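> Below are the structure tokens for one structure; questions will follow.
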Amino acid sequence: MNDKPGNKKKIPIFAYYIILLGIVLIISYTMLPKLMEPDYKEISFSEFVQKVENDEAQQVEVNSKQYTMKPKDFETSNVYYVTGNINNEFHESTALLSLLDEKGIKYDSPIVSSNIWLEILIAYVLPTVIMVVLFVVLMRSMNKRMGGGVMSFGKNTSKIYAEKSTGKTFADVAGQDEAKQNLVEIIDFLNNPGKYTAIGAKLPKGALLVGPPGTGKTLLAKAVAGEAKVPFFSLSGSEFVEMFVGVGASRVRDLFRQAVENAPCIVFIDEIDAIGKSRDNGLGSNDEREQTLNQLLAEMDGFDSSKGVVILAATNRPEVLDKALLRPGRFDRRIIVDLPDQKGRVDILKVHARNVLMEPDVDFEVVARATPGASGADLENIINEAALRAVRAGKVRVSQQELDEAIEVIIAGEEKKNRVMSNEEKKIVAYHETGHALVTSLLTHTEPVHKITIIPRTSGTLGYVMHVAKKEKVLLTKKELLEEIIILTGGRASEEIEFDSVTTGASNDIERATEMARNIITTYGMSDTFGFVNWQKKNSMYLVDTKTMNCSDATFAKIDAETHAIIADCYQKALALLKDHKATLDAIAAVLYEKENLTGDEFRKLFSELEPDIVLASADEGV
Ligand code: ADP
Ligand code: MG
Ligand code: ZN
741 MNDKPGNKKK
751 IPIFAYYIIL
761 LGIVLIISYT
771 MLPKLMEPDY
781 KEISFSEFVQ
791 KVENDEAQQV
801 EVNSKQYTMK
811 PKDFETSNVY
821 YVTGNINNEF
831 HESTALLSLL
841 DEKGIKYDSP
851 IVSSNIWLEI
861 LIAYVLPTVI
871 MVVLFVVLMR
881 SMNKRMGGGV
891 MSFGKNTSKI
901 YAEKSTGKTF
911 ADVAGQDEAK
921 QNLVEIIDFL
931 NNPGKYTAIG
941 AKLPKGALLV
951 GPPGTGKTLL
961 AKAVAGEAKV
971 PFFSLSGSEF
981 VEMFVGVGAS
991 RVRDLFRQAV
1001 ENAPCIVFID
1011 EIDAIGKSRD
1021 NGLGSNDERE
1031 QTLNQLLAEM
1041 DGFDSSKGVV
1051 ILAATNRPEV
1061 LDKALLRPGR
1071 FDRRIIVDLP
1081 DQKGRVDILK
1091 VHARNVLMEP
1101 DVDFEVVARA
1111 TPGASGADLE
1121 NIINEAALRA
1131 VRAGKVRVSQ
1141 QELDEAIEVI
1151 IAGEEKKNRV
1161 MSNEEKKIVA
1171 YHETGHALVT
1181 SLLTHTEPVH
1191 KITIIPRTSG
1201 TLGYVMHVAK
1211 KEKVLLTKKE
1221 LLEEIIILTG
1231 GRASEEIEFD
1241 SVTTGASNDI
1251 ERATEMARNI
1261 ITTYGMSDTF
1271 GFVNWQKKNS
1281 MYLVDTKTMN
1291 CSDATFAKID
1301 AETHAIIADC
1311 YQKALALLKD
1321 HKATLDAIAA
1331 VLYEKENLTG
1341 DEFRKLFSEL
1351 EPDIVLASAD
1361 EGV
């Protein structure tokens, strides 16, 4: 339906409404009065004759049943006079006919016949016209709503976003140096295709940007177009798959036709997994998607890459893509766009802070250290959230305090201050979190505490301890992994020591500890019993949650037993540590219960007063 040439596109939508309104007005003023059903007034035969004699008749219709008279004042009265024609042989009837002859009144043709064309017009033609006009108007406005691209080249572009220049450059993409390096060649190719074709080199037709959501894949694609100063055509995979079969395929055709017309340029297919899903997974085959994918493959094979069209695509699920897409000559290059490391995070924060007024002493290092695993989009969000908070607080610049709050909100969810927690519950949470924090501090290898809070969050957490890594770790030792598990068990251990009973509050800790312990055995090969063997198959690179055990049932059972043993051992260690420092635990938990929030510095101050022998590393030294 979108394939009609859109040469009428320039007519604004309201023009159609005006035309429609005009038609309705014409109908109502010219035709409708005539349409109004006239009255048929029955009168006696003698009255009828009388009217003829009085010269009131304009025309008379005679048939075997009745006489119908159209009076001279019909236009104003809208009345026909009718009388029965009992028998033509009757003297009176014959007399009436001669009277009509005498008066020169026509009676040999039907008087209403003149309206027959009007009737056809009104009964058939008009409704059709109105339906067609309505349909066209609806289609137009629908297209408009769904499309709305930035600007359009050539014909039908209702769904293809084309930008003459994206306005993004590599300077807008922080970190991701490796990905950028891989893309530099593509930029060069777009600028000097001759250089490559002269030597006989075939350039890749397409590159696939692979990485978790929010890491800047779309941004990178735009930056490539911006750096090469070429137009950018983009379509999102989910837009291909429509309710009408065949639309996706025609859209692909359109996209490539336009791209070739505008070469050199970049064609970007976002979320390509929506169409590029493997065709042989058996589940819910989708004709429309297959057609679209086939069309895409055909187009990629068909076009001549020396023209200077480069196809970029992005996905966060490379593992589901159809093999055919990844074959040489199609998306044969894979560019990994991974989550930023600590330095990358600082750079991204700086990029997004460019247009935000900041206090000169804000420290992005601290933010970066507190946000391992955050994507570029998360960090952008943190900056923006901090700016909003500064406005709310009536400040003119964003300070570290707003940044810290923003991290919490993005990571843990908004504070839920009005949530009622009984004092008993609050006390339990205070002990739980202090348990985590104290174990963290007592274990020498772990990260300094940055903040402890027992204010419930909208995400459902009742409190948490925020750590700040001194340095991003790439390799973890077994000792560090075990310490992590001990910290996770610290909350529950603390509850047990103080209250002699445990609560449901530790379920997330348990989940994480279990996964870690299992990974120690099955993925990292750190277990003495099981050794250097992988027992767990990862099903995808980024969907961490789909893992299947890769071992016999007997081994599985042993692994379970050892997982249990590791956690039980860690739990005992946490218990022992906290029992040894019960006085400190009580004191800090009491302060936390009162204040609800403790910064890392406040915590360390309390700790060093209570435990003068133990020196704690602070968060901000030795980076
Ligand atoms: P993806 O397509 O990988 O899901 P996007 O490219 O849409 O992610 O990124 C979303 C936003 O996050 C971008 O508009 C950008 O503002 C920000 N962002 C992500 N990664 C980076 C980065 N490396 N440098 C700067 N900003 C980034
Ligand atoms: Mg994207
Ligand atoms: Zn906990």
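In our numbering, the protein residues as written are 741 to 1363. Backbone N, C-alpha and C define an ideal beta-carbon position, used for all residues, glycine too. In this text, all values refer to a predicted model and were calculated from it rather than measured experimentally.
Quick check on the burial criterion: 16 or more other C-beta atoms within 10 angstroms. Buried or exposed for E793?
The residue in question, E793, is exposed, as its Cβ has fewer than 16 Cβ neighbours within 10 Å.
> Which first and last residues belong to the alpha helix (DSSP H) in which S1234 is found?
That run of the alpha helix (DSSP H) goes 1218 to 1239.
> Does any heavy atom of the ligand ZN sit closer than 7 Å to the C-beta of D1249?
yes
> Mind checking whether the beta-carbon of A1329 lies closer than 7 Å to any heavy atom of the ligand MG?
no
> Judging by CA-CA distance, which residue of G1042, D994, G988, K1047 is the nearest neighbour of A1003?
K1047
> Am I right that T1174 and E1336 are in contact with their C-beta atoms under 8 Å? What's the rounded C-beta distance?
In fact, because the Cβ distance is near 12 Å, the residues do not count as touching under 8 Å.
> Any residues whose CB sits closer than 6 Å to a heavy atom of the ligand MG? List them in chain order?
K957, T958, D1010, A1054
> According to DSSP, is K945 helix, strand or coil?
Here K945 carries a coil assignment [DSSP, helix/strand/coil].
> How many Å lie between G972 and K962 at the Cα?
The amino acid at residue 972 is misidentified as Gly; the sequence shows Phe. Going by the C-alpha atoms only, they are around 7 Å apart.
> Answer with buried or exposed for K1345, where buried requires no fewer than 16 other C-beta atoms within 10 angstroms of its C-beta.
exposed
> Which two residues bound the contiguous beta strand (DSSP E) that contains N1337?
1337 to 1339
> Once you ignore the five residues that flank D1315 on each side, which residues in its own chain have a CB closer than 6 Å to its CB?
The question names Asp, but residue 1315 is Leu in the sequence shown. Same-chain partners within the cutoff: A1233.
> Any chance the CB of V913 is under 7 Å from a heavy atom of the ligand ADP?
yes
> Is it the case that the Cβ atoms of V1138 and V1086 are separated by a distance below 8 Å?
no
> Just how far apart, CA to CA, sit C1310 and I1225?
6 Å
> Where does N1163 land, buried or exposed, given buried means 16+ other C-beta within 10 angstroms?
exposed
> Would the beta-carbon of E1001 fall within 8 Å of that of F910?
Not a contact, by the Cβ cut-off of 8 Å.
> Report the three-state DSSP secondary structure of R1074 (helix, strand or coil).
strand
> Out of curiosity, what's the CA-to-CA distance linking A902 and A999?
9 Å
> Just list the beta strand (DSSP E) runs in the stretch 841 to 877, keeping only unbroken ones of 3 residues or longer that don't cross its boundaries, in chain order.
none
> Can you look up G1042 in the DSSP assignment and give me helix, strand or coil?
helix
> Per the DSSP calculation, H1207 is bridged to which residue(s)?
Note: H1207 sits in a beta bridge opposite V1189.
> Check the C-beta distance from G808 over to V822 and give it rounded, since I have them as a contact under 8 Å.
The displayed chain sequence assigns Thr, not Gly, to residue 808. Contact holds; Cβ gap of about 5 Å.
> Are there three or more Cβ pairs, one per stretch, closer than 8 Å when the stretch 1237 to 1245 is compared with the stretch 1258 to 1269?
no
> Relative to the ligand ZN, is the shortest distance from any of its heavy atoms to the C-beta of A1399 smaller than 7 Å?
A question about residue 1399 goes unanswered here, because the residues of the chain that appear run from 741 up to 1363.
> Which one of A919, T1111, A1127, D1062 has the shortest CA to CA distance from H1092?
A1127
> So Q916 is in the alpha helix (DSSP H); what residue range does that whole segment cover?
No alpha helix (DSSP H) contains Q916, which DSSP labels as neither H nor E.
> Can you confirm whether the stretch 1252 to 1264 touches the stretch 1177 to 1186 when touching is taken to mean that 3 or more C-beta pairs between the two stretches lie within less than 8 Å?
no
> Does the beta-carbon distance from V1107 to L1089 come in below 8 Å?
With respect to the 8 Å criterion, V1107 and L1089 are classified as neighbours on the basis of their beta carbons.
> With DSSP as the reference, label V789 as helix, strand or coil.
Looking at V789 - three-state DSSP - the assignment turns out to be helix.
> Could you check whether the Cβ of E1120 sits closer than 7 Å to any heavy atom belonging to the ligand ADP?
yes
> Looking only at its chain, what residues have a beta carbon closer than 8 Å to the beta carbon of Y1333, apart from the 5 residues adjacent to it on each side?
K1166, K1167, A1170, I1194
> Could you check if Q1140 belongs to the surroundings of the ligand ADP, using beta carbon to heavy atom distance under 7 Å?
No, the Cβ of Q1140 stays beyond 7 Å of every heavy atom of the ligand ADP.
> If distances are taken between C-alpha atoms only, which option among V789, K805, R991 comes closest to P811?
Of the listed residues, the one whose Cα sits closest to P811 is V789.
> Starting from I1051 and walking both ways along the beta strand (DSSP E), at which residues does that stretch end?
Boundaries of the beta strand (DSSP E) around I1051: 1049 to 1055.
> Contact check, E801 vs P850 under 8 Å by CB: the rounded distance?
Confirmed, about 5 Å.
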